[in-house]
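Asker: Numbering (numbering that gives the first Met the number 0), first residue to last: 0 to 327. C-beta: ideal position from N, C-alpha, C; glycine also. Here you go, one structure.
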Amino acid sequence: MRIAKLFLSILFVVGLTGASGPASPDVDLDVQLADGSTQKVHLTFGEKPLDKLTRDDVRAMLTISLGDQAAQLSSEERTRVEDEIVGHIQSSLRYKKSPDHQHWHFSGPLGTFDRMALQRGYQVYREVCASCHSMDLIAFRNLSDPGGPGFSEDEVKALAAQFTYEDGPDEFGDMFDRPGKPSDYFPNPYTNENQGRAANGGALPPDLSLITKARKYGPDYVYALMTGYDKPVPPLVEMQVGLYYNPYFSGRQIAMPNQLFPEMVEYADGTVATQEQMAKDVVEFLTWAGEPKMEARKAMAIPVLAYLFILTILMYMSYKRLWRNIDH
Ligand code: HEC
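Right under this line is the structure:
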């Protein structure tokens, strides 16, 4: 009975904390009235979510909270107070949203990569992301490594040969251009960091080799980021020039515009290239790039556990045998 009660109260607390979502902030303010006195005001924005609030809502809430004293507010003081409340809401709207959890083929203790998704993901990276983002740690030959996208060696040769690399010096001391080889690392879209920044309004597109390891919520985050551009800009948010609204990015304003438009790539296996599909595929590919030996690591788990299990039984049997004539 007691346990049941405890369980119910835990459920209740979890329900309370889980259900509310991003709560509207309460604001406490001192307001100067016309007669010189100061009035403390406590504002709650009730049910309306922060990203729907407008300046008119703020004005209405202020009037309601002040009650009879609303008439005593000079117009300058009213504007000051409204600005303060709006500033408060704006700073709450700079916190990034946590991404939703997606179902990934590779998650879980025995999860593996989906070869076709990795190949499609490579295509999305190559045709869409690679014009801005480098992946310095991956070489073309990795694309045929076990546990990876599973391209054949000939396919990898063809993929590498699409690019031109500077090599040399030759016997005359000159540098020369040659087609890419499987041992070459992915080419960088920019020759240096300044060029990358100059092409992107001052923001440097980060190298994507380890991006799913480098960000909290890894794959879920990158997926949410790539599909998170359709949200309307909240009425109270002022957008900076050259930035795009994306609630999953820290600060919610990002220098990368939306990248994935339906059917912008044509998949060889006939999969329909919706935005979600391309985002899923490219994230799977980036996750593999961040941990190319993941499948080998997970495959070790079963033999290791089996070994430990057998060892435990042997240890137990030897313990029984050694102590069999001794009282204990
Ligand atoms: C037109 C250039 C451009 C293209 C194409 C592009 N990006 Fe970006 N990306 C950027 C810029 C610029 C930033 C840095 C944004 C910032 O710091 O505000 C960025 C940042 C990112 C980030 C890091 C966000 C963070 O948390 O720091 C990820 C992840 C990302 N891009 C993924 C992708 C993927 C995946 C693709 C391909 C589907 C892609 N990008 C295509 C320009 C681009």
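In whole angstroms, give me the CA-to-CA distance for Phe150 and Tyr222.
Answerer: Straight-line Cα distance between these residues: approximately 24 angstroms.
Asker: Using the C-alpha atoms, what's the distance from Ala272 back to Thr62?
Answerer: Thr62 and Ala272: Cα-Cα distance of roughly 51 angstroms.
Asker: Helix, strand or coil for Phe139 per DSSP?
Answerer: In the structure shown, Phe139 sits in a helix (DSSP, three-state: H, G or I).
Asker: Taking DSSP's pairing of strands, which residues face Tyr184 in a bridge?
Answerer: DSSP lists Ala138 as partners of Tyr184.
Asker: Could you tell me which of Tyr243, Gln258, Phe260 and Leu259 sits nearest to Gln252, measuring between CA atoms?
Answerer: Closest option to Gln252, Cα to Cα, is Tyr243.
Asker: Give the straight-line distance between the Cα atoms of Gly147 and Pro204, rounded to the nearest whole angstrom.
Answerer: Cα-Cα distance, rounded: 25 angstroms.
Asker: If I measure Cβ to Cβ from Ile84 and keep anything under 6 angstroms in the same chain, skipping five residues before and after, which residues do I get?
Answerer: Taken in chain order, the residues that qualify are Val26 and Val57.
Asker: What first and last residue would you give for the beta strand (DSSP E) that runs through Val40?
Answerer: First-last of the beta strand (DSSP E) with Val40: Thr37 to Leu42.
Asker: Provide the residue(s) that pair with Leu28 in DSSP beta bridges, ordered along the chain.
Answerer: Partner(s): Val40.
Asker: Which one of Glu170, Asp169, Leu158 and Glu192 has the shortest CA to CA distance from Pro178?
Answerer: Among Glu170, Asp169, Leu158 and Glu192, the Cα nearest to that of Pro178 belongs to Leu158.
Asker: Around the C-beta of Gly20, are 16 or more other C-beta atoms found within 10 angstroms, so that it is buried, or is it exposed?
Answerer: Model confidence at Gly20 stands at a pLDDT of 41, short of 50, so the residue's coordinates are unreliable; what they give is reported in the following sentence. With fewer than 16 Cβ atoms within 10 Å of its Cβ, Gly20 is classed as exposed.
Asker: Below 8 angstroms on the Cβ atoms is my contact criterion, and I expect Met263 with Val127 to pass it. Report the Cβ-Cβ distance as a whole number of Å.
Answerer: Right, the Cβ-Cβ distance comes to about 7 angstroms (below 8 angstroms), so this counts as a contact.
Asker: So, helix, strand or coil for Phe308, using DSSP?
Answerer: Helix.
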